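Visitor:
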Amino acid sequence: IWRITGLLLFLFLRNSPILSMYLLSFTKIRDYFILKKFRIVVIKYNKISYAIFDDELSPTQLRNLERELKVRILDRTNLILDIFAIRAKTSYAKTQVELAQYQYLLPRLTRMWTHLERQRGGIGMRGPGEKEIETDRRLIRNKISALKKDLQKIDKQMSVQRKNRGKIIKVVLVGYTNTGKSTLMNILSKSDVFAENKLFATLDTTTRKVVINNLPFLLSDTVGFIRKLPHHLVESFKSTLDETRDADLLIHITDISHSSHLEHITSVKATLQELGVTNKPTITVFNKIDLLSEEFNINELNQLQIAKENSPFIFISAKTGFNIPELKEMIFLKARELHFERYPYSTI
């Protein structure tokens, strides 16, 4: 994930159990000296520029860690926001990301001004950049307010668009980032949605009308989820995530070849629950089966999954086309069932 932002050096520090002041795995007070040694031996020797933490750090933790390690600290949220900024292509996506960035930045302004004052040598008795910090806080609050108003206008337009779609069945692709949602979207809808083997290649929701066996329905591709999705992004991408809330049928896509695919499934389900998306009909799609080694037997995988899944599931390869016709049939049967519930006297 860190490669995407162009960082050249990477340092991962595990944080269990947590000492809140530094958020490091210290069990004894003397381990503070290990931190000093760590800085000298590991960071200075390897000329490390950044330390990246797999969790969100408080402003105090960031400040303390940077003071002791003498390098720039990036936490999980900061890194993900940087990636989203790189990936955002449309004005709507850019506005959503910008709002999340400012909301993240606001409580961390003091830390930024501390860096500047070290470089400038201080500004007198009032403390590091006190006037400038208050000015920046006011400017950022105004910017956040303006961005929220911009998003509210767009969200209202998108809400009207969703209502204008009528009662046609809505099928939404969900899943962890980089599982092949956009590729599958292109196959099912015969369209050319941007798809790339990268994290968060899709930030905007794309909706296409699809017809299978004379049954029309709407198919939407959404932003990929990730473990511990920052709350700033959940708030900023509300309208994008509303597409999931309005779905009649979810297609949950998982990269079966990924070593952490079970954790990814858990993360997606937790995010859906956080969004209030529960008890929706779901088809679980295990994609990228072509990347599994030959020792994996499809029949054995099916038997194992039957014991775990309460919802229908299928193993496919969007790349090779394996089981795509079977997936289309599954979607058709479920969408038709939902269609008849909505239109009991339909002739489809």
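The numbers in this note's numbering rise by one with no breaks, and the one at position 15 of the sequence shown is 2. Every residue gets a Cβ at the ideal spot worked out from N, C-alpha and C, and that includes glycine. Predicted, not measured: the structure shown is a model, and the values here were computed from it.
Thinking C-alpha only, which one of Leu216, Val210, Glu313 and Val158 is nearest lysine 196?
Guide: The residue given as residue 196 occupies position 209 in the sequence shown. Of Leu216, Val210, Glu313 and Val158, the residue nearest in Cα terms is Val158.
Visitor: Can you look up asparagine 173 in the DSSP assignment and give me helix, strand or coil?
Guide: Walking along the sequence shown from the start, residue 173 turns up at place 186. In the structure shown, asparagine 173 sits in a helix (DSSP, three-state: H, G or I).
Visitor: Using a 10 Å radius around the Cβ and a threshold of 16 neighbouring Cβ atoms, would you call proline 331 buried or exposed?
Guide: For the purposes of this step, residue 331 is taken as residue 344 along the sequence shown, with counting starting at 1. Exposed, by the Cβ-count rule.
Visitor: Using the Cβ count rule (16 or more neighbours within 10 Å means buried), how would you classify leucine 87?
Guide: The residue given as residue 87 occupies position 100 in the sequence shown. Checking the sequence, you will find alanine at residue 87 rather than leucine. The residue in question, alanine 87, is buried, as its Cβ has 16 or more Cβ neighbours within 10 Å.
Visitor: Would you please state the rounded distance, in angstroms, between the beta carbons of glutamate 85 and threonine 64? I believe it to be under 8 Å.
Guide: Against the sequence shown, residue 85 aligns to sequence position 98. Against the sequence shown, residue 64 aligns to sequence position 77. Going by Cβ atoms, the distance from glutamate 85 to threonine 64 rounds to 15 Å, so no, they are not a contact pair.
Visitor: Lysine 306 and isoleucine 270 - do their beta-carbons sit closer together than 8 Å?
Guide: Taking the sequence shown and counting its residues from 1, the one referred to as residue 270 is at position 283. Taking the sequence shown and counting its residues from 1, the one referred to as residue 306 is at position 319. No, these two residues do not count as a Cβ contact at 8 Å.
Visitor: Tell me, to the nearest whole angstrom, how far the beta carbon of isoleucine 371 is from that of isoleucine 213; I am working on the premise that it is less than 8 Å.
Guide: Residue numbering for the chain in the displayed model covers -12 to 335; residue 371 lies beyond these limits and cannot be assessed.
Visitor: Who pairs with threonine 269 in a beta bridge, going by DSSP?
Guide: On the sequence shown, position 282 is the one that residue 269 refers to. According to DSSP, which records beta bridges pairwise, threonine 269 is partnered with Leu237.
Visitor: Which same chain residues end up closer than 8 Å to arginine 128 when comparing Cβ atoms and leaving out the 5 residues on each side of it in sequence?
Guide: In the sequence shown, residue 128 corresponds to position 141, counting from 1. Same-chain partners within the cutoff: Leu93.
Visitor: Whole-angstrom Cβ separation of histidine 248 and valine 161, contact assumed at under 8 Å?
Guide: To locate residue 248, count along the sequence shown from 1; it is residue 261. To locate residue 161, count along the sequence shown from 1; it is residue 174. That pair is no contact at about 15 Å.
Visitor: Using three-state DSSP, classify threonine 359 as helix, strand or coil.
Guide: It is not possible to answer for residue 359, since the shown part of the chain is limited to -12 through 335.
Visitor: On the DSSP bridge list, what partners appear for alanine 38?
Guide: Residue mapping note: residue 38 aligns to position 51 of the sequence shown, counting from 1. Alanine 38 pairs with Ile60.
Visitor: Could you work out which residue in Ile156, Leu96 and Ser78 is closest to leucine 134 when comparing CA atoms only?
Guide: Position 147 of the sequence shown, counted from the first residue, corresponds to residue 134. Of Ile156, Leu96 and Ser78, the residue nearest in Cα terms is Ser78.
Visitor: Please report the residue range of the beta strand (DSSP E) in which leucine 205 lies.
Guide: Stepping through the sequence shown from its first residue, residue 205 is reached at position 218. 202 to 208 is the span of the beta strand (DSSP E), which, as asked, contains leucine 205.
Visitor: Per DSSP, what kind of secondary structure is serine 363 in: helix, strand or coil?
Guide: A question about residue 363 goes unanswered here, because the residues of the chain that appear run from -12 up to 335.
Visitor: When burial is assigned at 16 or more other CB atoms within 10 Å of the CB, is glutamate 324 buried or exposed?
Guide: Position 337 of the sequence shown, counting from 1, holds the residue named residue 324. So glutamate 324 counts as exposed.
Visitor: Can you tell me whether serine 45 is helix, strand or coil according to DSSP?
Guide: In the sequence shown, residue 45 corresponds to position 58, counting from 1. Three-state result, serine 45: coil.
Visitor: Restricting to Cα atoms, I'd like to know which of Lys81, Leu314 and Ile39 is closest to aspartate 137.
Guide: Against the sequence shown, residue 137 aligns to sequence position 150. Closest by alpha carbon: Lys81.
Visitor: Do glycine 153 and asparagine 274 have their CB atoms nearer than 8 Å?
Guide: Locating residue 153 in the sequence shown gives position 166, counting from the first residue. Locating residue 274 in the sequence shown gives position 287, counting from the first residue. For glycine 153 and asparagine 274, no; Cβs fall outside 8 Å.
Visitor: Would you say histidine 219 and glutamine 90 are within 8 Å of each other, going by their C-beta atoms?
Guide: Residue numbering aside, residue 219 sits at position 232 when the sequence shown is read from its first letter. Residue numbering aside, residue 90 sits at position 103 when the sequence shown is read from its first letter. Contact flag set, yes.
Visitor: From the DSSP output, in three-state form, read off serine 132 for me.
Guide: Working through the sequence shown from its first residue, we reach residue 132 at position 145. If DSSP states are grouped into helix, strand and coil, serine 132 belongs with the helices.
Visitor: What number of angstroms, rounded off, separates the C-alpha of arginine 17 from the C-alpha of leucine 52?
Guide: Along the sequence shown, one-based indexing puts residue 17 at 30. Along the sequence shown, one-based indexing puts residue 52 at 65. Reliability fails at arginine 17, whose pLDDT of 38 lies under 50, so the model's placement of it is uncertain and the value that follows must be treated cautiously. If you take the alpha carbons of arginine 17 and leucine 52, they lie about 16 Å apart.
Visitor: Could you give the distance in angstroms between the alpha-carbon of phenylalanine 71 and the alpha-carbon of threonine 164?
Guide: In the sequence shown, counting from the first residue as 1, residue 71 sits at position 84. In the sequence shown, counting from the first residue as 1, residue 164 sits at position 177. Taking the straight line from one Cα to the other gives about 12 Å.
Visitor: Am I right that histidine 326 and leucine 175 are in contact with their C-beta atoms under 8 Å? What's the rounded C-beta distance?
Guide: Against the sequence shown, residue 326 aligns to sequence position 339. Against the sequence shown, residue 175 aligns to sequence position 188. Rounded, the Cβ-Cβ distance is 17 Å, inconsistent with contact.
Visitor: Considering only C-alpha positions, which residue in the set Glu281, Tyr37 and Leu96 is nearest to threonine 122?
Guide: Taking the first residue of the sequence shown as position 1, residue 122 is located at position 135. Checking every option, the nearest Cα to that of threonine 122 belongs to Leu96.
Visitor: Can you find the residues in the same chain that come closer than 8 Å, C-beta to C-beta, to leucine 279, ignoring five residues on each side of it along the sequence?
Guide: Here the question's residue 279 lines up with position 292 in the sequence shown. Here the set comprises Ile243 and Ser244.
Visitor: Looking at the secondary structure, which residues open and close the beta strand (DSSP E) in which phenylalanine 300 lies?
Guide: Translated into the one-based positions of the sequence shown, residue 300 becomes position 313. 300 to 302 is the span of the beta strand (DSSP E), which, as asked, contains phenylalanine 300.
Visitor: Give me the residue from Ile67, Val58 and Ile39 with the minimum Cα distance to proline 217.
Guide: Translated into positions along the sequence shown, residue 217 becomes position 230. Answer by Cα proximity: Ile67.
Visitor: Report the rounded CA-to-CA distance for leucine 205 versus isoleucine 30, giving the unit in angstroms.
Guide: As a first step, residue 205 is located in the sequence shown; it is residue number 218 there, counting from the start. As a first step, residue 30 is located in the sequence shown; it is residue number 43 there, counting from the start. Straight-line Cα distance between these residues: approximately 52 Å.
Visitor: Suppose you measure from the CA of histidine 251 to the CA of lysine 118; what does that come to, to the nearest Å?
Guide: In the sequence shown, residue 251 corresponds to position 264, counting from 1. In the sequence shown, residue 118 corresponds to position 131, counting from 1. So the alpha carbons of these two residues sit roughly 45 Å apart.
Visitor: Pull the bridge partners of leucine 160 from the DSSP assignment, please.
Guide: Taking the sequence shown and counting its residues from 1, one reaches residue 160 at position 173. Answer is Asp208 and Ile238, bridged to leucine 160.
Visitor: State yes or no: is the C-beta of valine 272 within less than 8 Å of the C-beta of leucine 314?
Guide: As a working mapping, residue 272 is identified with position 285 in the sequence shown. As a working mapping, residue 314 is identified with position 327 in the sequence shown. Yes, Cβ-Cβ distance for valine 272 and leucine 314 is below 8 Å.
Visitor: So phenylalanine 302 and isoleucine 285 are in contact, right, with Cβ under 8 Å, and what is the actual spacing, rounded?
Guide: For the purposes of this step, residue 302 is taken as residue 315 along the sequence shown, with counting starting at 1. For the purposes of this step, residue 285 is taken as residue 298 along the sequence shown, with counting starting at 1. Confirmed, about 6 Å.
Visitor: Going by DSSP in three states, isoleucine 155 sits in which element: helix, strand or coil?
Guide: In the sequence shown, the residue the question calls residue 155 occupies position 168. Three-state result, isoleucine 155: coil.
Visitor: Leucine 84 lies in the alpha helix (DSSP H); which residues open and close that run?
Guide: Within the sequence shown, the letter at position 97 stands for residue 84. Strictly speaking, residue 84 in this sequence is valine, with leucine absent from that position. 78 to 92 is the extent of the alpha helix (DSSP H) around valine 84.
Visitor: Please name the residue, chosen from Ser36, Ile60, Asn310 and Glu230, that lies closest to serine 45 on a Cα-to-Cα basis.
Guide: Walking along the sequence shown from the start, residue 45 turns up at place 58. Among Ser36, Ile60, Asn310 and Glu230, the Cα nearest to that of serine 45 belongs to Ile60.
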